[in-house]
Amino acid sequence: MLKKIDGYKPYKGPILMIVMDGIGLGQPNDCNAVHLANTPNLDYLMKNYPTLALKAHGTAVGLPGDDDMGNSEVGHNAIGAGKVYSQGAKLVGEAVETGDMFLDTGWRDISQNCLDHNSTLHFIGLFSDGNVHSHIYHLKGMIIQAKKQGIKEIRIHILLDGRDVGERSALDYVLPFEQFLNEINDDCCHCVVASGGGRMNITMDRYGANWAMVEKGWKTHVLGEGRPFESAEQAIETYRKELNVIDQDMPPFVIVKDGEPVGTIQDNDSVVFFNFRGDRAIEISRAFEEADFDVFDRVRYPKVTYAGMLQYDGDLGIPSRFLVSPPKISNTMGEFLAKEGVAQLAISETQKYGHVTYFWNGNRSGKYSETNETYIEIPSDVVPFEQRPWMQSALIADRLMEELKSGQYQFARVNFPNGDMVGHTGNMQATIIGVEAVDLALGRILKVVDQLGGMAIITADHGNADEMFETDKAGNPKKNKDGSYKAKTSHTLNKVPCILYDNHNNGRYSVVPGEYGLSNLASTIVNLLGYEKYEDWDAGIIQLNV
-17 MLKKIDGYKP YKGPILMIVM DGIGLGQPND CNAVHLANTP NLDYLMKNYP
33 TLALKAHGTA VGLPGDDDMG NSEVGHNAIG AGKVYSQGAK LVGEAVETGD
83 MFLDTGWRDI SQNCLDHNST LHFIGLFSDG NVHSHIYHLK GMIIQAKKQG
133 IKEIRIHILL DGRDVGERSA LDYVLPFEQF LNEINDDCCH CVVASGGGRM
183 NITMDRYGAN WAMVEKGWKT HVLGEGRPFE SAEQAIETYR KELNVIDQDM
233 PPFVIVKDGE PVGTIQDNDS VVFFNFRGDR AIEISRAFEE ADFDVFDRVR
283 YPKVTYAGML QYDGDLGIPS RFLVSPPKIS NTMGEFLAKE GVAQLAISET
333 QKYGHVTYFW NGNRSGKYSE TNETYIEIPS DVVPFEQRPW MQSALIADRL
383 MEELKSGQYQ FARVNFPNGD MVGHTGNMQA TIIGVEAVDL ALGRILKVVD
433 QLGGMAIITA DHGNADEMFE TDKAGNPKKN KDGSYKAKTS HTLNKVPCIL
483 YDNHNNGRYS VVPGEYGLSN LASTIVNLLG YEKYEDWDAG IIQLNV
């Protein structure tokens, strides 16, 4: 339980946390969609209210080093948990490096099944070193281990990135990897790429937004249905020439030899989905594990031994077998507030709904309290984000204001996905519109906060829209051969804003100067609600005056 602060007079209205997903503090230049956007509300807020710059990447959110970009999952973990936990990339990297992963039951089940049945080991996952969903180093480590153990047939199904890494960087990974496989292959081991496609085209859907992506992935990886090519290199070069498509949108392809797919998934095979991040791994895991799965027609359901790199949803047990245990996140802000009877609201559209619920609560599905918590999901449009860059910002704002006006909530959290989801497309004009849509929603919402006598903390979970073009060391945009700027579709290493919007302060607190990250926000929020922080949390950014 949290201890109440003696002599503290709570706000009449709610404390609201607004997460402007993907809107970081970049350089004010022509690469920065946030800078180029018309944002009168955000400009006014940063000029007239206390504004801090929070670290939202690297070690500040539990990643291995400060060259590692933050992401929405670890960012919301850090905000909700109030402290930093070692996250997927670091956990998996350590497990592979030490060899501990290969001693656990998950890997033993996977490998022994192949040895017992003389069957094939399949790896499916995001094929890059972006270190947000996966890392190619982990894949190589598992292949090397599989060969050591005597597994003869290995197939890799690659999901091209172009989102957490350069938008047209696929061959930078495929060509060296083919050389790696040439060194692995001998009379005792045969390891080849079997299928692939872009991460935003097949397999890696999330939150049930577009199951058709998963169905395409199933047909590609499992059934071997798709346009045939002799190599991944040939597929990538052909699609680029014919469709001028970036990596993340690449259509599916199947590698064939003598006209037949080289790596369909059969009974008694083993399958590892090697992404460590959970949101885009849950749906394909369900398709492999659920005997009564009915979201789409699998046509053929092979009896395989399946494992995820991590368990992607601990409460739902998805998947049932995994190679590395996820971080044990406990004593979250949501849990404590629920125990204190604080009425909470969490709201976003489908694309980020899981972030203000599941990830916010430390990778936990469901509510801590059916009585004290309300979760609202606004369905996302199933269209390319650059075609509707405003996304559901207006509907989110409408519903949020309606709920706040009910007077039933003491704390609310909302996520606007535009800066991240539209930013990932690499489309500057669309991203500018997306940022402007968020700014418009801000202006509307804050008027209601004032009317109710509350306050708001406005922040972001990581950067994205703040750097839309690749730059050189001098900060100048890199150019493609045709003279156009080279789009950047990944997150950034920039800090994020933290604005304390408060017209009802009345001397309640003062901001404490210092270097802070997202994990410092939980203590700040509970202080504003009139409670002392939990002892294991990182310090807040304010000093109460009571």
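If you count the sequence shown from 1, position 23 lands on 5 in this note's numbering, and the numbers rise without skipping.
Heads up, the beta-carbon is just placed ideally off N, CA and C, and yes, glycines get one too.
#1: Is it buried or exposed for residue 0, if we count other Cβ within 10 angstroms and need 16 for buried?
#2: What's the C-alpha gap between residue 245 and residue 213?
#3: Residue 490: which of -14, -16 and -7 sits nearest, CA to CA?
#4: What are the start and end residues of the alpha helix (DSSP H) that includes residue 328?
#5: Can you round the beta-carbon distance between residue 139 and residue 117 to whole angstroms, since I take them to be within the 8 Å contact cut?
#6: Could you tell me the distance, in whole angstroms, from the CA atom of residue 235 to the CA atom of residue 316?
#7: Contact defined as beta carbons within less than 8 Å: I believe residue 447 pairs with residue 52. What is the distance between those atoms, to the nearest angstrom?
#8: Give, in chain order, every unbroken run of the beta strand (DSSP E) that is at least 3 residues long and sits entirely within the stretch 297 to 370.
#9: Return the first residue and the last residue of the alpha helix (DSSP H) that residue 216 is part of.
#10: Tell me the rounded alpha-carbon separation between residue 29 and residue 486.
#11: Can residue 115 and residue 146 be called in contact, C-beta distance under 8 Å?
#12: Quick check: residue 331 and residue 392, are their CB atoms within less than 8 Å of each other?
#13: Using a Cβ distance threshold of 8 Å, determine whether the stretch 298 to 312 contacts the stretch 214 to 222, with at least three qualifying pairs required.
#14: Determine the direct distance from the alpha carbon of residue 143 to that of residue 388, and round the result to whole angstroms.
#15: Quick check: residue 500 and residue 60, are their CB atoms within less than 8 Å of each other?
#16: Which ranges would you report for the alpha helix (DSSP H) in the stretch 429 to 513 if only whole runs of at least 4 residues count?
#17: Would residue 149 and residue 408 qualify as a contact pair, given that the criterion is a beta-carbon distance under 8 Å?
#18: Over the uninterrupted beta strand (DSSP E) stretch that includes residue 238, give me the two end residues.
#19: Please list, in chain order, all residues of the same chain as residue 527 whose beta carbon is under 8 Å from its beta carbon, the five residues on each side excluded.
#20: Cβ of residue 404 within 8 Å of Cβ of residue 361?
#21: Mind checking whether residue 552 and residue 354 have CB atoms under 8 Å apart?
#22: Residues in its own chain within less than 7 Å of residue 410 by CB, not counting five upstream and five downstream?
#23: Buried or exposed: residue 291, going by 16 or more other Cβ atoms within 10 Å of its Cβ?
#24: Is residue 278 helix, strand or coil when you go by DSSP?
#25: Classify residue 158 as buried or exposed, calling it buried when 16 or more other Cβ atoms lie within 10 Å of its own Cβ.
#26: Does the beta-carbon distance from residue 137 to residue 188 come in below 8 Å?
#27: So, is residue 165 buried or exposed, given that buried needs 16 or more other C-beta atoms within 10 angstroms?
#28: What do you get for residue 237, buried or exposed, if any count of 16 or more other CB atoms within 10 angstroms of its CB means buried?
#29: Taking Cβ to Cβ, would you say residue 540 is nearer than 8 Å to residue 254?
#30: Quick check: what's the CA-CA separation for residue 432 versus residue 21?
#31: Using alpha carbons as the reference points, say which of 170, 141, 122 and 190 lies closest to residue 162.
#32: By DSSP, does residue 35 sit in helix, in strand, or in coil?
#33: Taking 8 Å as the cut-off, does the stretch 32 to 46 touch the stretch 86 to 98 (at least 3 CB pairs, one atom from each stretch)?
#34: Give me the Cα-Cα distance between residue 69 and residue 259, rounded to the nearest whole angstrom.
#35: Please state the DSSP three-state secondary structure of residue 210.
Let me lay it out:
#1: buried
#2: 12 Å
#3: -7
#4: Looking at the DSSP string, residue 328 is not in any alpha helix (DSSP H); the run it does join, the beta strand (DSSP E), is 326 to 331.
#5: Residue 139 to residue 117, Cβ: 16 Å. No contact.
#6: 44 Å
#7: Rounded, the Cβ-Cβ distance is 14 Å, inconsistent with contact.
#8: 326 to 331 and 355 to 360
#9: 214 to 225
#10: 18 Å
#11: yes
#12: no
#13: no
#14: 44 Å
#15: yes
#16: 503 to 510
#17: yes
#18: 235 to 239
#19: 489, 490, 491 and 492
#20: no
#21: With the chain covering only -17 through 528, there is no way to say anything about residue 552.
#22: 15 and 450
#23: buried
#24: coil
#25: exposed
#26: no
#27: exposed
#28: buried
#29: Residue 540 cannot be examined here, being either before or after the span of the chain that is shown, -17 to 528.
#30: 20 Å
#31: 122
#32: strand
#33: no
#34: 9 Å
#35: strand
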